[in-house]
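Accompanying notes for the structure given below.
There are 2 protein chains.
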Amino acid sequence: MGILYVAGIGPGNEDGMTVKVRRILDECPVIAGYKTYIELVKPILGADKKYVDTGMRMEKERCRMALEEACGDDAKVCMICSGDASVYGMAGLVLEMAEEYPEVRVEVIPGVTAALSGSAVLGAAVGHDCALISLSDLLTPREVIDKRLSAAAEGDFVICLYNPESRTRKGYLKHACEIILKYRDKDTVCGAVRNIGRDGEQYELMTLEELTGYEADMFTTVFIGSRRTVAAGGRMVTPRGYEL
Amino acid sequence: MGILYVAGIGPGNEDGMTVKVRRILDECPVIAGYKTYIELVKPILGADKKYVDTGMRMEKERCRMALEEACGDDAKVCMICSGDASVYGMAGLVLEMAEEYPEVRVEVIPGVTAALSGSAVLGAAVGHDCALISLSDLLTPREVIDKRLSAAAEGDFVICLYNPESRTRKGYLKHACEIILKYRDKDTVCGAVRNIGRDGEQYELMTLEELTGYEADMFTTVFIGSRRTVAAGGRMVTPRGYEL
Numbered sequence: 010m011g012i013l014y015v016a017g018i019g020p021g022n023e024d025g026m027t028v029k030v031r032r033i034l035d036e037c038p039v040i041a042g043y044k045t046y047i048e049l050v051k052p053i054l055g056a057d058k059k060y061v062d063t064g065m066r067m068e069k070e071r072c073r074m075a076l077e078e079a080c081g082d083d084a085k086v087c088m089i090c091s092g093d094a095s096v097y098g099m100a101g102l103v104l105e106m107a108e109e110y111p112e113v114r115v116e117v118i119p120g121v122t123a124a125l126s127g128s129a130v131l132g133a134a135v136g137h138d139c140a141l142i143s144l145s146d147l148l149t150p151r152e153v154i155d156k157r158l159s160a161a162a163e164g165d166f167v168i169c170l171y172n173p174e175s176r177t178r179k180g181y182l183k184h185a186c187e188i189i190l191k192y193r194d195k196d197t198v199c200g201a202v203r204n205i206g207r208d209g210e211q212y213e214l215m216t217l218e219e220l221t222g223y224e225a226d227m228f229t230t231v232f233i234g235s236r237r238t239v240a241a242g243g244r245m246v247t248p249r250g251y252e253l
Numbered sequence: 010m011g012i013l014y015v016a017g018i019g020p021g022n023e024d025g026m027t028v029k030v031r032r033i034l035d036e037c038p039v040i041a042g043y044k045t046y047i048e049l050v051k052p053i054l055g056a057d058k059k060y061v062d063t064g065m066r067m068e069k070e071r072c073r074m075a076l077e078e079a080c081g082d083d084a085k086v087c088m089i090c091s092g093d094a095s096v097y098g099m100a101g102l103v104l105e106m107a108e109e110y111p112e113v114r115v116e117v118i119p120g121v122t123a124a125l126s127g128s129a130v131l132g133a134a135v136g137h138d139c140a141l142i143s144l145s146d147l148l149t150p151r152e153v154i155d156k157r158l159s160a161a162a163e164g165d166f167v168i169c170l171y172n173p174e175s176r177t178r179k180g181y182l183k184h185a186c187e188i189i190l191k192y193r194d195k196d197t198v199c200g201a202v203r204n205i206g207r208d209g210e211q212y213e214l215m216t217l218e219e220l221t222g223y224e225a226d227m228f229t230t231v232f233i234g235s236r237r238t239v240a241a242g243g244r245m246v247t248p249r250g251y252e253l
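Protein sequence lines, in the order shown, are assigned to chains A and Y.
Just add 9 to wherever you are in the first sequence, counting from 1, and you've got our numbering.
Just add 9 to wherever you are in the second sequence, counting from 1, and you've got our numbering.
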């Protein structure tokens, strides 16, 4: 039986991968993934591999190619996802499509998603209950996104926004902030991290009001604090509630 | 300047740590943490270390001890947290208390939290927007927890419950399910994972109605699907929305 691992590689550098993911990448002769992520792992793994990559919005083709490669008794394929394998990753789609490939066993291996790696860069932005929301409306209706923003703001979660903007989706972060501002104070502590774990990593703390005018991009993860979140020594910290 | 790393070690085995955390653990002569987690890393790291451990509810003492150990020019201390360093971890408390220790630099290193590792065991439970909620009311008022449960259910998030029950907190999961059932169908796909990445790991899929009668413990992480979550080939999968 062939095996297809779906692995979250974290931000993209070797340090951010789990020990298991690092080993699986060595063990698998075939590595599949979105071409940007393939470029991240190639320097680590070398040319002695078969790389199966596709571009953006080619997710189904990518999964199909990986599943085809994993057919055959000793096949070992690793499909890589940035961050975690489940959270906005490929694990779900692979598992659904794998029902057509009974000869392939699928194993999902988790990884550090941007809510965690970004939180650590900022300090401890996500120190308590949190909600992860993607602002991408490619696959999710905008009404669903807006409803989730309202619910998360009303529930006083720390909110972590994935895909806040892109070249074709301008103004989405501002729109999200305006919804959140209906429930939260304009001075709520917020943070933004760009290029987590990659060249050019940078972070910034700001208020929710300032975030409304912030220019994010595809490589930014945005954090909106809860009512309890503070800026402590230049870091964004959401306390668990210990009395100091 | 001394350094105090606050590191998320994932579920507790070596495989689940990031490459960076694994290396930092080797580099630091002093390892601090809750005694249960110290016991998890001791077999990996050996006796050639100074271990600084405290029991449950001794979090402030633990942080203080770790900060004291990190004073001194070449001091290198690693405070370990199960799962991630921020998410219900010690990073926030350490950063707040570190303001009294200007001679100590604090670096937070993320790890794989149970929402991700449990999701992978189940399949891809957290494939889209999700909310993480701890049911522990040790530090959080029950009204706040209940309000977040309502908000997350109404917002149709995949909900991941940490600390669903303990010996002293019986009936909390049932209570949470009853709140969620006001907004969600009783047939909503749910899952529970026990002892993630440790001996005796097991998982179960069930409906929200069945979850209401499920007996969880301190080592269980519970997942309540969104309206889109399905059971595919015995796995819990929340699709991102690709048309199959």
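Just so you know, even glycine gets a beta-carbon here, dropped at the ideal spot from N, CA and C.
Remember, it's a predicted structure, so these values are computed and weren't measured experimentally.
- Under the Cβ criterion of 7 Å, Ala129 of chain A is counted among the residues facing chain Y.
- Neighbourhood of Leu253 of chain A in chain Y, by CB distance below 9 Å: Lys69, Leu102, Glu105, Met106, in chain order.
- DSSP lists A:Cys169, Y:Cys139 as the beta-bridge partner residues of Leu141 of chain A.
- Going by DSSP, Asp93 of chain Y is part of no alpha helix (DSSP H) at all; its letter is neither H nor E.
- Annotation: Cβ neighbours of Gly242 of chain Y in chain A (cutoff 8 Å, chain order): Leu104, Ala107, Glu108.
- About 12 Å separates the beta carbons of Cys186 of chain A and Phe232 of chain A, which is beyond the 8 Å limit, so they are not a contact pair.
- Taking the C-beta atoms as reference points, Thr122 of chain A is found no nearer than 7 Å to Val153 of chain A.
- The C-beta of Asp196 of chain Y has fewer than 16 other C-beta atoms within 10 Å across all chains shown, which makes the residue exposed.
- Separation of Asp83 of chain A and Ala75 of chain A (C-alpha to C-alpha, rounded to the nearest whole angstrom) is 14 Å.
- For Glu213 of chain Y, the enclosing beta strand (DSSP E) starts and ends at 211 to 216.
- DSSP links Ile40 of chain Y through a beta bridge to Y:Tyr60, Y:Cys87.
- Residues of chain Y whose Cβ lies closer than 7 Å to the Cβ of Phe166 of chain A are, in chain order, Ala140, Arg157.
- Chain-order list of chain A residues neighbouring Ile118 of chain Y: Ala129, by C-beta distance under 8 Å.
- Counted as a single uninterrupted DSSP element, the beta strand (DSSP E) harbouring Arg203 of chain A occupies residues 198 to 203.
- Rounded to whole angstroms, the Cβ separation of Ser126 of chain A and Gly242 of chain A is 20 Å, and the two are not in contact under 8 Å.
- As the crow flies, the alpha-carbon of Lys85 of chain Y is around 13 Å from that of Val61 of chain Y.
- Within the stretch 164 to 194 of chain A, Gly164, Asp165, Phe166 place their CB atoms closer than 8 Å to a CB of chain Y, listed in sequence order.
- Secondary structure note for Arg73 of chain A: its alpha helix (DSSP H) is the uninterrupted segment 68 to 78.
- The stretch 109 to 118 of chain Y makes no contact with the stretch 100 to 110 of chain A, as fewer than three CB pairs between them are under 8 Å.
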